[in-house]
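A.B. asks:
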Amino acid sequence: MNKLHALYNFLDLAGTFVFAISGALAAKQRGLDLFGICAVAFTVACGGGIIRDLCIGAVPPAGLTDWQYLAAAIVATGMTVGLYSFVQRLNQPVLLFDALGLSLFAVTGAEKTLSCVHNAEMAVLLGITTAVGGGVLRDILLNRIPVILEKEIYASAALIGALIVVAGNYLKLLSSDWISIIALVVCFGIRLLALNFLWNLPVYPNHKKKPGL
């Protein structure tokens with residue numbers, strides 16, 4: 759595997775950290791105990807990356823073998839529980855940290871797939887998987903409908919971020935670091951704009967006839 763650029767590790771750990779906050783917040787709001795909060799936080803933080811690593815053959819997955827990922831998740835969870843009253847003051851904190859984690863992992867997922875000499879299509883798909891995988895697992899564990907199955911612009915933002923990484927890698931108009939930063943900003947911006955202005959994908963009504971009609 760080719761060596762990833764220096765920014766990758768920072769972005770990947772940052773994504774792990776903020777997604778762990780997102781998971782810990784959601785779990786605490788559901789009233790889980792400390793173990794449950796830690797378990798959900800780690801699943802959200804590392805779930806998407808583990809799925810990606812299994813798909814590209816990078817086994818055992820980094821999320822299970824590199825202590826930095828576990829440490830980032832534990833620190834984020836401890837901060838969330840300890841400073842919950844402060845974090846709760848943020849405007850829709852789960853959505854904010856989830857949007858940031860989504861953007862970070864869309865970039866790093868595509869980057870790592872490309873570094874393993876896989877093609878553009880796989881890089882885009884696994885960029886999306888890395889970004890949304892942890893959130894899907896969180897929602898399943900907390901008995902919620904996963905965000906990507908609803909009308910919100912969520913996976914679509916991750917798709918655009920991953921596409922920018924892949925296109926930039928092939929066109930080579932800018933350095934890898936700048937491409938990653940641009941992809942991160944665009945993905946994060948789209949997700950925040952969608953939340954702020956209530957942008958949604960089309961939803962098709964259920965035309966099932968009522969019983970007896």
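The numbering used here puts the first residue of the sequence shown at 759, with every later residue one more than the last.
Where a beta carbon is used, it is the ideal one built from N, C-alpha and C, also for glycine.
What three-state label does DSSP hand residue 801 in the structure shown?
C.D. replies: Residue 801 falls in the helix class under three-state DSSP.
A.B. asks: Whole angstroms are fine: how far does the CA of residue 906 sit from the CA of residue 960?
C.D. replies: The straight-line gap from Cα to Cα measures roughly 13 Å.
A.B. asks: Beta-carbon within less than 8 Å of residue 792's beta-carbon, same chain only, minus the 5 sequence neighbours each way: which residues are those?
C.D. replies: Closer than 8 Å at the Cβ level, and outside the excluded window around residue 792, lie 839.
A.B. asks: Can you tell me where the alpha helix (DSSP H) with residue 874 in it begins and where it stops?
C.D. replies: Where residue 874 is concerned, there is no enclosing alpha helix (DSSP H), given that its DSSP letter is neither H nor E.
A.B. asks: Applying the criterion that 16 or more other CB atoms from any shown protein chain within 10 Å of the CB defines a buried residue, is residue 795 buried or exposed?
C.D. replies: With 16 or more other Cβ atoms within 10 Å, it is buried.
A.B. asks: Assuming residue 786 and residue 842 form a contact by the criterion Cβ under 8 Å, report the distance between their Cβ atoms to the nearest whole angstrom.
C.D. replies: Their Cβ separation, rounded to whole angstroms, is 6 Å, which keeps residue 786 and residue 842 in contact under 8 Å.
A.B. asks: Report the three-state DSSP secondary structure of residue 879 (helix, strand or coil).
C.D. replies: Of the three classes helix, strand and coil, the one that applies to residue 879 here is helix, per DSSP.
A.B. asks: Determine the direct distance from the alpha carbon of residue 770 to that of residue 923, and round the result to whole angstroms.
C.D. replies: Computed Cα separation, rounded: 14 Å.
A.B. asks: For residue 818, tell me which candidate among 829, 804, 830 and 831 has the shortest Cα-Cα distance.
C.D. replies: Among 829, 804, 830 and 831, the Cα nearest to that of residue 818 belongs to 804.
A.B. asks: In this structure, how does DSSP classify residue 777 when only helix, strand and coil are distinguished?
C.D. replies: Residue 777: helix per DSSP, three-state reduction.
A.B. asks: From residue 948 to residue 912, what does the alpha carbon distance come to, in whole angstroms?
C.D. replies: Approximately 9 Å, taken between the alpha carbons.
A.B. asks: Would you list the one or two residues that DSSP bridges to residue 958?
C.D. replies: Note: residue 958 sits in a beta bridge opposite 910.
A.B. asks: Give the secondary structure of residue 847 by DSSP, where H, G and I count as helix, E and B as strand, and everything else as coil.
C.D. replies: In the structure shown, residue 847 sits in coil (DSSP, three-state: anything other than H, G, I, E or B).
A.B. asks: Quick check on residue 958: buried or exposed, where buried means 16 or more other Cβ atoms within 10 Å of its Cβ?
C.D. replies: Classification of residue 958: exposed, given that the 10 Å Cβ count is below 16.
A.B. asks: Mapping the DSSP letters down to three states, classify residue 970 as helix, strand or coil.
C.D. replies: Caution is warranted here: a pLDDT of 49 is assigned to residue 970, below 50, making its placement in the model unreliable, and the coordinate value is therefore given only provisionally. Looking at residue 970 - three-state DSSP - the assignment turns out to be coil, as it is neither helix nor strand.
A.B. asks: With DSSP collapsed to three states, give me the class of residue 931.
C.D. replies: If DSSP states are grouped into helix, strand and coil, residue 931 belongs with coil.
A.B. asks: Do residue 888 and residue 881 have their C-beta atoms closer together than 8 Å?
C.D. replies: Cβ distance not < 8 Å, so residue 888 and residue 881 don't count as in contact.
A.B. asks: Have a look at residue 851 and residue 866 and give me their C-alpha separation to the nearest angstrom.
C.D. replies: Going by the C-alpha atoms only, they are around 23 Å apart.
A.B. asks: Distance check for residue 902 and residue 774, CA to CA, integer angstroms please.
C.D. replies: If you take the alpha carbons of residue 774 and residue 902, they lie about 21 Å apart.
A.B. asks: Would you report the Cα separation of residue 778 and residue 897, rounded to the nearest angstrom?
C.D. replies: Cα to Cα, residue 778 sits roughly 13 Å from residue 897.
A.B. asks: Nearest to residue 799 by alpha carbon, out of 937, 835 and 933?
C.D. replies: Of the candidates 937, 835 and 933, the one whose C-alpha sits nearest the C-alpha of residue 799 is 835.
A.B. asks: Just mark residue 801 as buried or exposed, buried being the case when its beta carbon has 16 or more other beta carbons within 10 Å.
C.D. replies: Classification of residue 801: buried, given that the 10 Å Cβ count is 16 or more.
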